[in-house]
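Enquirer: Here it is: the structure, laid out below.
2 protein chains.
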Amino acid sequence: MELTFLGTQAMMPTKHRNASAAYLEFKGEGLLFDCAEGTQRQLKQVGVALSKIRHIFISHWHGDHVLGLPGMIQSLGAADFTKTLMIYGPPGTKKLYEHMMQGTVFANSVATEFKEVRSEKVVEGKNFSVECTPLNHVVPCVGYSFKEEDRRRIDLKKVKKLGIPPGPELGKLQQGKSIMWKGKKVTSDSTTYVVVGKKVVYVVDTAPAKEIVKLAKDADAFICEGTFGEELQDRAHEYKHLTVVDAATFAKKAKVKHLYLTHFSPRYPSTKELEKQAKKIFANTTCAKDLLQVKL
Amino acid sequence: MELTFLGTQAMMPTKHRNASAAYLEFKGEGLLFDCAEGTQRQLKQVGVALSKIRHIFISHWHGDHVLGLPGMIQSLGAADFTKTLMIYGPPGTKKLYEHMMQGTVFANSVATEFKEVRSEKVVEGKNFSVECTPLNHVVPCVGYSFKEEDRRRIDLKKVKKLGIPPGPELGKLQQGKSIMWKGKKVTSDSTTYVVVGKKVVYVVDTAPAKEIVKLAKDADAFICEGTFGEELQDRAHEYKHLTVVDAATFAKKAKVKHLYLTHFSPRYPSTKELEKQAKKIFANTTCAKDLLQVKL
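Top to bottom, those sequences are chains Y and W. Counted from 1, the first sequence has number 29 at position 29 by our numbering; the numbering is strictly sequential. If you count the second sequence from 1, you need to add 1000 to reach our numbering.
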């Protein structure tokens, strides 16, 4: 699976950074988190066909997170997209989307389905699921957690030792069932091991909130806003945002593997100092750049 | 005055070209023709402050010409834009704009005024005016013509010969008035000359239409769509578009100084062949590229 940062700027695009979007490709299926103006072009910069996108997860309906939606839909329509596009977002999503789509003269040919979410399982996909939790912003906003399904694998050494050949008996063990072999019970736990699925968490536009650590727990990639440096903590919290130190503190508490900071205020032409501040708290921190790709 | 091509692709952005927009800066004032998704970022690529924009001229309300509007307005609002932004477009403009602006949660602080136009003087500005004419597209669409005011200049050799010193008498001649000098009538025409103002014409998304040549007459820069090559003329006209040969033919008939082709179909990764086709008809042709800047 591969994670691509499509936009890492808060509020508005700048010369070097587009506004918010992140793309996760899992087994050929595209999951898009937010869709700022210009997102479709960013995808083209990294050579991703728009038609791969099946799910769009909207954090909230501020322009810098959603204004790329109508262009994306129109381009999918022009490309004869035949699937159904799922759009998830906080309450109000469908109505806002419909207004947006009435802002141009356009016959939409793309089938879309909506699910308005707050705190629930958002979608159960093929070998993955996505959950969400409410955040604390000036408008309804949710954070998302993508979780790859855990996979049970046969411990080849052990089954060889027991003399179980490839076939239906191994299949049962892999499904977590016990079998009878040469008159003895063989349990799945004793002959298999579990590969824990990867977890990717997306949290933007929120003041500190207790739900964040829970959502991010043990994530492989924790994408979190770090709109401001610690010197602007008051301002950050007043405007319902996080500092990079807030984000790093959550990362540490949640024991994530890697923190990817994003959503930087345009006041920071360089993120070097921000990364330094965060790394003091949580070493495995990267200030994301546009078009950064991470294999997971 | 400087003309900047911000987007030269038809239908949707691609890796190398954004969708339609062109920016004309005249005496520090910005005039934007169309505003596709990503236009604000293209302006940042060439270092133009968004706050310079005073007038936005919309050709028509297909997404690839307008989807950058809400982001532009929101960024202007964030930058404490204090002027009034004038938005011109074909009938329906105000209603479509309002839908578009209701597609996000956003308190608009930017003062906007609308003028819906078909065939008229669109605006009389400081030392310039803009006119429009209806085009022939699948939705209401207009072409625009920017005209710098002609300026009368004193012929210094002639007034020196007549012995007229700098002062109010020269001012009168420059205003086109006659004066009495040493008992004789001196006319403005005999002592001044006219510098003809520059003309920039913007025509996109139309089948061939008789109004185009009239609008483009003697233009210094004729920006015209050349969505298809001549081999796809039938397709071009069926979808109410022009080929590059159509555009070149109009340029020749209108006796323009330079033709800038734009709005290329994504099927052409290179415009070399298109430029060749057009140049056979009209030599002073350039296939515009994104961020091309032309001093006029």
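Note that CB positions come from ideal geometry on N, CA and C, so glycine has one too. This structure is a prediction, so every number in the text was calculated from the model and none was measured.
Would you mind listing the alpha helix (DSSP H) stretches within the stretch 34 to 64 of chain Y that are 4+ residues and don't spill past its ends, in chain order?
Expert: If we require 4 residues or more, the alpha helix (DSSP H) runs fully inside the stretch 34 to 64 of chain Y come out as 39 to 45.
Enquirer: Under 7 angstroms Cβ to Cβ from W:S1109, same chain only, skipping five residues before and after it: list those, please.
Expert: Around W:S1109: G1077.
Enquirer: With a threshold of 16 other CB atoms inside 10 Å of the CB of Y:N127, please say whether the residue is buried or exposed.
Expert: By the neighbour-count rule (16 or more Cβ atoms within 10 Å), Y:N127 is not buried but exposed.
Enquirer: Classify Y:L156 as buried or exposed, calling it buried when 16 or more other Cβ atoms lie within 10 Å of its own Cβ.
Expert: With fewer than 16 other Cβ atoms within 10 Å, it is exposed.
Enquirer: Have a look at W:V1117 and W:P1091 and give me their C-alpha separation to the nearest angstrom.
Expert: Answer to the nearest angstrom: the Cα atoms are 6 angstroms apart.
Enquirer: Under 8 angstroms, Cβ to Cβ, is there at least one residue of chain Y near W:T1084?
Expert: Not one chain Y Cβ lies under 8 angstroms of W:T1084.
Enquirer: Quick one: list the residues of chain Y neighbouring W:E1037, beta-carbon separation under 7 angstroms, in chain order.
Expert: Those are E37, G38, G68 and G71, listed as they occur along chain Y.
Enquirer: Should W:S1190 go down as buried or exposed, given a rule of 16 or more other Cβ atoms within 10 Å for buried?
Expert: By the 10 Å Cβ count, W:S1190 comes out exposed.
Enquirer: With the cut-off set at 8 angstroms, would you say W:E1029 and W:G1068 are in Cβ contact?
Expert: No. Outside cutoff.
Enquirer: Indicate the three-state DSSP secondary structure (helix, strand or coil) for W:I1073 in the structure shown.
Expert: Note: W:I1073 maps to helix in three-state DSSP.
Enquirer: Should W:V1139 be flagged as near chain Y, meaning a C-beta pair shorter than 8 angstroms?
Expert: Chain Y, which has a Cβ nearer than 8 angstroms to the Cβ of W:V1139, makes this yes.
Enquirer: Report buried or exposed for Y:P13, applying the criterion of at least 16 other Cβ atoms within 10 angstroms of its Cβ.
Expert: Answer is buried; the Cβ neighbour count reaches 16.
Enquirer: I'd like to know if Y:K214 contacts chain W, where contact means its C-beta is closer than 8 angstroms to some C-beta of that chain.
Expert: Not an interface residue.
Enquirer: Does the beta-carbon of Y:H16 have 16 or more other beta-carbons within 10 angstroms, so that it is buried, or is it exposed?
Expert: Counting Cβ neighbours within 10 Å, Y:H16 comes out exposed, since fewer than 16 surround it.
Enquirer: Can you confirm whether Y:H263, when its beta carbon is compared against all beta carbons of chain W, has any partner nearer than 8 angstroms?
Expert: Judged by the 8 angstroms Cβ criterion, Y:H263 is not in contact with chain W.
Enquirer: Below 8 angstroms, how does it come out for the stretch 33 to 53 of chain Y and the stretch 130 to 143 of chain Y: are there three or more Cβ pairs, yes or no?
Expert: The stretch 33 to 53 of chain Y is not in contact with the stretch 130 to 143 of chain Y.
Enquirer: Going along chain W in order, which residues have a C-beta closer than 7 angstroms to the C-beta of Y:H99?
Expert: Going along chain W in sequence order, the residues near Y:H99 (Cβ under 7 angstroms) are H1099, Q1102 and G1103.
Enquirer: Chain Y beta carbons: is any one of them nearer than 8 angstroms to that of W:H1062?
Expert: For W:H1062, the answer is yes, since a Cβ of chain Y falls inside 8 angstroms of its Cβ.
Enquirer: So what does DSSP say about Y:V186, is it helix, strand or coil?
Expert: Of the three classes helix, strand and coil, the one that applies to Y:V186 here is strand, per DSSP.
Enquirer: Would W:A1248 and W:L1003 be called neighbours here (beta carbons separated by less than 8 angstroms)?
Expert: Taking 8 angstroms as the Cβ cut-off, W:A1248 and W:L1003 do not qualify as a contacting pair.
Enquirer: Starting from W:Q1293, trace the beta strand (DSSP E) in both directions and tell me its first and last residue.
Expert: Residues Q1293 to K1295.
Enquirer: Have a look at Y:D150 and Y:Q175 and give me their C-alpha separation to the nearest angstrom.
Expert: Each residue's Cα considered, the two are about 12 angstroms apart.
Enquirer: What is the rounded straight-line gap between the Cα of Y:A22 and the Cα of Y:K161?
Expert: Whole-angstrom Cα-Cα distance: 46 angstroms.
Enquirer: Going by Cα to Cα distance, which pick from W:H1065, W:I1056, W:W1061 and W:G1063 is closest to W:I1073?
Expert: Comparing Cα positions, the closest option is W:I1056.
Enquirer: Can you check whether the C-beta of W:S1051 is within less than 8 angstroms of a C-beta belonging to chain Y?
Expert: No - not a single Cβ of chain Y is within 8 angstroms of the one on W:S1051.
Enquirer: Count the other C-beta atoms from every protein chain shown that fall within 10 angstroms of the C-beta of W:E1148, then say buried if there are 16 or more, exposed otherwise.
Expert: Looking at its Cβ environment, which holds 16 or more other Cβ atoms inside 10 Å, W:E1148 is buried.
Enquirer: Residues in the same chain with beta-carbon distance under 7 angstroms from Y:A209, minus the five sequence neighbours each way, listed in chain order, please.
Expert: Excluding sequence neighbours, Y:A209 sits near L135 and N136.
Enquirer: Would W:P1269 count as contacting chain Y if we go by Cβ distances under 8 angstroms?
Expert: Not closer than 8 angstroms to any Cβ of chain Y, the Cβ of W:P1269 fails to qualify, so no.
Enquirer: Can you find a CB in chain W that lies within less than 8 angstroms of the CB of Y:R299?
Expert: Here chain Y comprises residues numbered 1 to 296, so residue 299 of chain Y is not present and cannot be evaluated.
Enquirer: If we count the other Cβ atoms within 10 Å of its Cβ and call it buried at 16 or more, is W:Y1193 buried or exposed?
Expert: Classification of W:Y1193: exposed, given that the 10 Å Cβ count is below 16.
Enquirer: List the residues of chain Y that W:K1210 touches, going by C-beta distances under 7 angstroms, in chain order.
Expert: Correct list: empty, because the minimum Cβ distance to chain Y is about 24 angstroms.
Enquirer: Of the choices Y:Y268, Y:K280 and Y:F81, whose alpha-carbon is the least far from that of Y:Q9?
Expert: When each option's Cα is compared against that of Y:Q9, the closest is Y:Y268.
Enquirer: Just how far apart, CA to CA, sit Y:E230 and Y:K272?
Expert: Each residue's Cα considered, the two are about 13 angstroms apart.
Enquirer: Give the interface partners of W:F1106 over in chain Y, defined as CB-CB distance under 9 angstroms, in chain order.
Expert: Here the neighbours are W61, H62 and G63.
Enquirer: Anything in chain Y within Cβ reach of W:S1075, meaning under 7 angstroms, just list it in chain order.
Expert: What W:S1075 touches in chain Y: M12.
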